[in-house]
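Below is one structure, written out as structure tokens, with a few remarks after it.
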Amino acid sequence: MELKNKVFLITGSAGGLGKAFAQKLLARGAKVCISDVKVTMGLETEQEFASEYGKGNVLFQELDVTSEPNLRLVWENTESYFKDKIYCLVNNAGVMGEREGWRLCLDINLTSVMQASTLAVEKMGKSSGGEGGTIINIASILGLFCAQQPKGFPYNVSKSGVVTMTRCMGSKDFYAREGVRVLCLCPSVAQTPILEACTQQEITKMSKDVGGIMSPDHVANAFMSLVENGKTGNVMAVWVNSPPYYIPDTGMALFIVYTTCAMILSWVPGVRSVRPWLMALTVFGIFIQWYLCGKLGAYVYNSIL
Ligand SMILES: NC(=O)c1ccc[n+]([C@@H]2O[C@H](COP(=O)([O-])OP(=O)(O)OC[C@H]3O[C@@H](n4cnc5c(N)ncnc54)[C@H](O)[C@@H]3O)[C@@H](O)[C@H]2O)c1
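Rendered as structure tokens:
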């Protein structure tokens with residue numbers, strides 16, 4: 026995909042993963058607005074990138090993602106600075122939640138992502154006269170399953186919400202109507218300032234749990250692959266020492282299997298609720314029956330012929 030001169034707006038990108046994404050995009054000739062609540066760090070990053078990739082290709086804007094008017098202003102400033110429409114919004118700003126509390130954690134990690142995506146569709150969506158575009162949400166592997174992280178579960182709740190939102194909003198119908206691709210990246214643990222919220226002991230345990238801590242560059246390579254090849258609704262995971270991989274939505278398929286088992290078990294007298302072991306037994310029973318019917322069928326067929 027040709028990225029030259031395409032305009033990207035990345036939230037929470039003064040440092041960490043957002044900065045690594047910005048660097049890869051700038052190296053490919055894209056134009057990037059870096060935005061963050063950390064102004065000093067953001068201005069330093071802007072200066073660093075301006076001297077490497079040219080002043081006209083990078084802009085820093087102070088942005089608190091929880092404020093919709095602030096985001097609207099940054100959107101307008103970005104388009105007037107680059108004299109072009111934004112092609113891609115990267116919802117990257119995030120916090121672990123312990124210092125902020127669960128309400129602000131959900132506000133930053135989830136509500137702001139929905140708010141920014143709504144604005145992005147208003148600006149880029151074809152139904153409101155836009156040219157289409159892309160939204161990339163940065164979730165986490167902790168949005169894909171339930172597991173503990175040292176700072177508690179609000180982070181997992183927020184990231185699961187982001188994955189679900191991507192899959193719902195990333196439907197083919199929505200894409201056909203608005204021309205906006207919605208994608209999601211789910212990294213494992215990476216070495217960034219977000220880990221400053223953890224003790225060394227917590228980091229060592231996390232690293233052991235996930236087989237090692239990734240570099241921001243490794244995550245940024247996956248990000249670039251998603252930008253270039255992702256199809257709307259795609260969710261991509263990033264794991265240490267592995268190529269990035271897509272995670273299909275198996276939720277409905279499993280639900281259908283479980284529901285079918287429950288319906289079959291409704292014929293068995295005395296079953297009042299269905300536990301997983303009973304489902305496993307039902308599936309096993311179906312396979313045995315299938316096998317026996319096949320054998321019987323073959324016997325009857327051979328006897329007649
Ligand atoms: N580093 C990891 O291990 C890891 C793993 C999985 C997912 N992630 C996700 O990746 C994203 C980037 O995190 P990171 O690892 O680079 O950490 P980071 O702390 O370096 O980056 C997050 C940035 O978000 C900014 N931010 C926080 N609140 C904000 C707000 N209200 N408005 C605007 N900006 C705000 C911070 O100032 C910070 O610069 C986050 O969403 C995080 O949850 C990180």
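Take any residue in the sequence shown, note its place counting from 1, add 25, and you have its number in this note's numbering.
For glycine and all other residues, C-beta sits at the position ideal for the given N, C-alpha and C.
Taking the Cα positions, Ile-160 is about 8 Å away from Ala-145. Tyr-180 counts as buried, since no fewer than 16 other beta carbons sit within 10 angstroms of its beta carbon. Cα atoms of Glu-104 and Gly-150: separation of roughly 16 Å, rounded to the nearest angstrom.
Counting only beta-carbon distances shorter than 6 Å to the non-hydrogen atoms of ligand 1, the qualifying residues in chain order are Thr-36, Gly-37, Ala-39, Gly-40, Gly-41, Leu-42, Gly-43, Asp-61, Val-62, Lys-63, Leu-88, Asp-89, Val-90, Thr-91, Asn-117, Ala-118, Gly-119, Val-120, Ile-133, Ile-163, Ser-165, Pro-212, Val-214, Ala-215, Thr-217, Pro-218 and Ile-219. The residues Leu-208, Leu-210 and Met-261, in chain order, have a CB closer than 6 Å to that of Leu-251 in the same chain once the five nearest residues on each side in sequence are set aside. A distance of 8 Å or more separates the beta carbons of Gly-122 and Ile-163.
Within the region 219-271, complete alpha helix (DSSP H) segments of at least 4 residues are found at 225-234 and 241-254, given in chain order. Exposure of Lys-80 is indicated by the presence of fewer than 16 other C-beta atoms within 10 angstroms of its C-beta. In the three-state DSSP reduction, Gly-79 falls in the coil class, being neither helix nor strand. For Cys-286, there is no enclosing beta strand (DSSP E); the enclosing alpha helix (DSSP H) covers residues 276-290. Thr-91 and Asp-61 do not touch by the CB rule: their CB atoms are close to 13 Å apart, not below 8 Å.
A straight-line Cα-Cα distance of about 12 Å links Leu-34 and Gly-158. Looking at the backbone, the Cα of Phe-178 and that of Ala-201 are separated by about 36 Å.
Between the alpha carbons of Val-188 and Pro-94 lies a gap of roughly 25 Å. Secondary structure remark: continuous alpha helix (DSSP H) runs of at least 4 residues inside the region 91-162, in chain order: 93-107, 127-131 and 137-149. Runs of the beta strand (DSSP E) spanning 3 or more residues and lying entirely within the region 43-69 occur at 56-61, in chain order. Each residue's CA atom was taken as its position, placing Glu-221 and Ala-278 some 39 Å apart. Glu-27 carries a coil assignment under DSSP once its states are collapsed to helix, strand and coil. With a contact defined as Cβ atoms closer than 8 Å, Ala-45 and Ala-245 qualify at about 4 Å.
At a Cβ-Cβ threshold of 8 Å, Thr-70 and Phe-85 count as neighbours. Counting along the chain, Cys-318 sits inside the alpha helix (DSSP H) bounded by residues 301-329.
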